[in-house]
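Structure first, commentary second.
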Amino acid sequence: MKQASIFDEVRQVVRLLPAGLINTKVFLWTYPISLVLAVATTPTKIDGGKELLLWLLLGFLAHSAMYPFVYYGRTSKKLLEQVLLVILMGMARGSVIGLISPLMGLEDALSLPVRVLNSALAVFYWMQAGAIIVQYSFTFREKVKEFLTEILEKGIVDLPQVAKKSTSELVSIIGALQEKIVKTVGRSPSRSDIHQASRDIDLLINEHIRPLSQARWKDGNLLWIKAGFFSVMRRTLTNQKIPAIPVILLTLPFTFVTQTSRIGFWATCVVQVTWTSMVVILDRALLPKMNSEQGFWKINLTFIAALFTVIYPITFTLQILATVDVKSSMSGMIAGYVLSGFTAISLFIIGAMLFSIQEDQGFAFQFLSGIIKKGDLATLLKQTQSGNTDSQFAQYVHAEVQSQLIACKLLLLKAAESDFEIFPPEITAQIVERMEKIKQPYQRPSAKVTSKRLPEIAQSWKGLAEIEFELIPEFSEFHSQSEITSQLIEEAVVNAIRHGKASKISIKAMASGSSISVSVRDNGSMQIDKTSAGLGTILLNTFTHSWSLEREGDQSLLTFSIPSGKPNSQ
Numbered sequence: 262m263k264q265a266s267i268f269d270e271v272r273q274v275v276r277l278l279p280a281g282l283i284n285t286k287v288f289l290w291t292y293p294i295s296l297v298l299a300v301a302t303t304p305t306k307i308d309g310g311k312e313l314l315l316w317l318l319l320g321f322l323a324h325s326a327m328y329p330f331v332y333y334g335r336t337s338k339k340l341l342e343q344v345l346l347v348i349l350m351g352m353a354r355g356s357v358i359g360l361i362s363p364l365m366g367l368e369d370a371l372s373l374p375v376r377v378l379n380s381a382l383a384v385f386y387w388m389q390a391g392a393i394i395v396q397y398s399f400t401f402r403e404k405v406k407e408f409l410t411e412i413l414e415k416g417i418v419d420l421p422q423v424a425k426k427s428t429s430e431l432v433s434i435i436g437a438l439q440e441k442i443v444k445t446v447g448r449s450p451s452r453s454d455i456h457q458a459s460r461d462i463d464l465l466i467n468e469h470i471r472p473l474s475q476a477r478w479k480d481g482n483l484l485w486i487k488a489g490f491f492s493v494m495r496r497t498l499t500n501q502k503i504p505a506i507p508v509i510l511l512t513l514p515f516t517f518v519t520q521t522s523r524i525g526f527w528a529t530c531v532v533q534v535t536w537t538s539m540v541v542i543l544d545r546a547l548l549p550k551m552n553s554e555q556g557f558w559k560i561n562l563t564f565i566a567a568l569f570t571v572i573y574p575i576t577f578t579l580q581i582l583a584t585v586d587v588k589s590s591m592s593g594m595i596a597g598y599v600l601s602g603f604t605a606i607s608l609f610i611i612g613a614m615l616f617s618i619q620e621d622q623g624f625a626f627q628f629l630s631g632i633i634k635k636g637d638l639a640t641l642l643k644q645t646q647s648g649n650t651d652s653q654f655a656q657y658v659h660a661e662v663q664s665q666l667i668a669c670k671l672l673l674l675k676a677a678e679s680d681f682e683i684f685p686p687e688i689t690a691q692i693v694e695r696m697e698k699i700k701q702p703y704q705r706p707s708a709k710v711t712s713k714r715l716p717e718i719a720q721s722w723k724g725l726a727e728i729e730f731e732l733i734p735e736f737s738e739f740h741s742q743s744e745i746t747s748q749l750i751e752e753a754v755v756n757a758i759r760h761g762k763a764s765k766i767s768i769k770a771m772a773s774g775s776s777i778s779v780s781v782r783d784n785g786s787m788q789i790d791k792t793s794a795g796l797g798t799i800l801l802n803t804f805t806h807s808w809s810l811e812r813e814g815d816q817s818l819l820t821f822s823i824p825s826g827k828p829n830s831q
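In our numbering, the protein residues as written are 262 to 831.
Written as structure tokens, this is what we have:
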């Protein structure tokens, strides 16, 4: 196994570090860490449950004190500015602990200056580690999702058997319902007859449509890449050797200051020299002798096992022998070593993730790009989605079939509210037309630009709502986001009519740089349902940069921003 020099490894790790350090997600994720450390490492001792609660409260307040810097720096693009803000975040956290603990009758184990320095370094490494995880978990997923979105939109893969069977069943069920409703409205129906017909539509939707649409659009299925924590960790440790030496060198300021503040300078030197020397021997002399042709899983597990069973016990023993008067704090030493061990392992795995991110991205993009260019994608996707309902079919069932059935139901209820001797023939014609449309066997649609889809949407809901729209040049261009943009607008229209009882809808859009901002305004009373996420919410959360649903006077306003799909967009 070829070994790179230590300095080359360090330079490689530094080069791969994320450019952005400040992230609201990471700030929220590290709340539990602050609370645990406030109880486990900050106090000299805790007497009773009251002090425990006070330390937890202090940990919460100290962590919350960092938020102003997070809010200010979340949009910053300058690395130097972000580094400064992260250091200030840690200093703010340490200052709150050091200044408020005496006021609460608590005793901090460190002096105020040492606490501030210790906290500044700790938060810096927290945010750095969190930024790496965010890059791995979200950035990579988003980039691969762009590839797969484009793949699915091109309709390369044939319709799966599940979708073929489902659509044939829908044709016969909808045909039978159409015949029943036409027979009902063809005479002089009573209001109860009309309401019964609308209930029949509800029954069809609940029993046959929703299981084929919304259930297929669970959040995990829509986010094309889904990986659990343990599967990600195993893949990382299988494909990438733990970069032990670079991680040790890059975290040396943090570990040295932390240990010096707790066990003194002399004991810290003993611990650092002993522990680091054994890790270097293990990493550079012993592990390279193991076979890595089958991956690094066994090598990395051996390294982790050796840390806990050999290196830490030897270091612990030497610290006891080299220092005096440590027996009184034996429990504290053991707790410190356990915490140090898990922290070190976490940092090692995160370091391995850095390399894995780059290698996974490079492999995925090169592989998928080559497959697309060669036209061999159909075979690949058939293998990966065998047995799954086609995603476009699920979208069709929800957006087309369910929407048209709801429109028929609303037409029936609208007629029931008026006085008539003979059921209005124009409404009968609209119902028949809509049902004929969705009674046809499903075929995968050809991709349409948004400028052609919007008039179809307006025509589809004619008689129930007046839909106005303004076209922009970007809507006339076909790109990777065309179908998604059309689907999001259609979903907004359907929800405005169905849930908000809107009768007037206005659609406007504006292009800015690499994104398109779309606003859908209506005179309904649409409210966001925070108890559950339907298809519309899932689509918006997945495919938009940002979105909001607000009330402005007596109107509802949905706005969302989506990539323009232009080649030069990010």
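No residue lacks a Cβ here, since even glycine has one placed at the ideal position from N, Cα and C. Computed from a predicted structure; not experimentally measured.
- Just so you know, the alpha carbons of Cys530 and Thr521 end up roughly 9 Å apart.
- The three-state reading of DSSP puts Asp544 in helix, counting H, G and I together.
- Bounds of the alpha helix (DSSP H) holding Leu289 are 285–290.
- In this structure, Leu600 and Ala301 form a Cβ contact; the two beta carbons are roughly 7 Å apart against a cut-off of 8 Å.
- In chain order, Glu729, Arg782 place their CB closer than 6 Å to the CB of Ser767, counting only its own chain and leaving out the 5 sequence neighbours on each side.
- In this structure, Ser809 and Thr820 form a Cβ contact; the two beta carbons are roughly 6 Å apart against a cut-off of 8 Å.
- Classified as buried, Val357 has 16 or more neighbouring CB atoms from the shown chains inside 10 Å of its CB.
- Gly602 places its beta carbon 8 Å or farther from that of Ile503.
- Thr499 places its beta carbon less than 8 Å from that of Gly556.
- Across the set Ser776, Trp316, Asp544, the C-alpha of Asp544 shows the shortest separation from the C-alpha of Val508.
- For Asp783, DSSP records a beta bridge to Ile766, Ser817.
- For Phe730, the three-state secondary structure derived from DSSP is strand.
- Between Ala370 and Thr303, the CB-CB gap stays under 8 Å.
- Measuring C-alpha to C-alpha distances from Leu346 to each of Met365, Met388, Leu318, Gly320 identifies Met388 as the nearest.
- Under DSSP, Ser773 takes part in a beta bridge, and its partners are Ser776.
- Excluding residues up to 5 positions away in sequence, Ile606 lie with their Cβ nearer than 7 Å to the Cβ of Ile565 in the same chain.
- The alpha helix (DSSP H) runs of length 4 or more contained entirely in the segment 324–348 are, from start to end of the chain, 328–334.
- The shortest CA-to-CA distance from Val344 to any of Ala392, Ile745, Ile823, Thr537 is the one to Ala392.
- Here DSSP, grouped into helix, strand and coil, assigns Ser356 to helix.
- For Ala370, there is no enclosing alpha helix (DSSP H), as DSSP gives it neither H nor E.
- With fewer than 16 other CB atoms across the displayed protein chains lying within 10 angstroms of its CB, Lys444 is exposed.
- Counting along the chain, Asn552 sits inside no alpha helix (DSSP H), nor does DSSP assign it H or E at all.
- One alpha carbon belongs to Ser721, the other to His324, and they sit about 53 Å apart.
- Annotation: the continuous alpha helix (DSSP H) that includes Trp558 extends over 558–567.
- Beta-bridge pairing by DSSP links Ser809 to Thr820.
- Assignment of Pro304 by DSSP, reduced to helix, strand and coil, places it in the strand class.
- When the five nearest sequence neighbours on each side are left out, the beta carbons in the same chain lying within less than 7 Å of the beta carbon of Tyr573 are those of Tyr598, Gly602, in order along the chain.
- Ser451: not part of any alpha helix (DSSP H); DSSP gives it neither H nor E.
- Distance from the CA of Ser825 to the CA of Ile777, rounded to the nearest whole angstrom, comes to 5 Å.
- A residue is called buried once 16 or more other Cβ atoms fall within 10 Å of its Cβ, and Ser362 is buried on that count.
- The beta-carbon separation of Ile750 and Val779, rounded to 6 Å, stays under the 8 Å limit for a contact.
- By the CB criterion at 8 Å, Ala753 and Gly785 fall outside the cutoff.
- With a beta-carbon spacing of about 4 Å, Met787 and Ser817 fall inside the 8 Å limit used to define contacts.
- A buried status is given to Met352, since no fewer than 16 other beta-carbon atoms sit within 10 Å of its beta-carbon.
- In the displayed model, Ser295 falls within a helix according to three-state DSSP.
- Residue environment analysis places Ile692 among the buried positions, since at least 16 neighbouring C-beta atoms fall within 10 angstroms of its C-beta.
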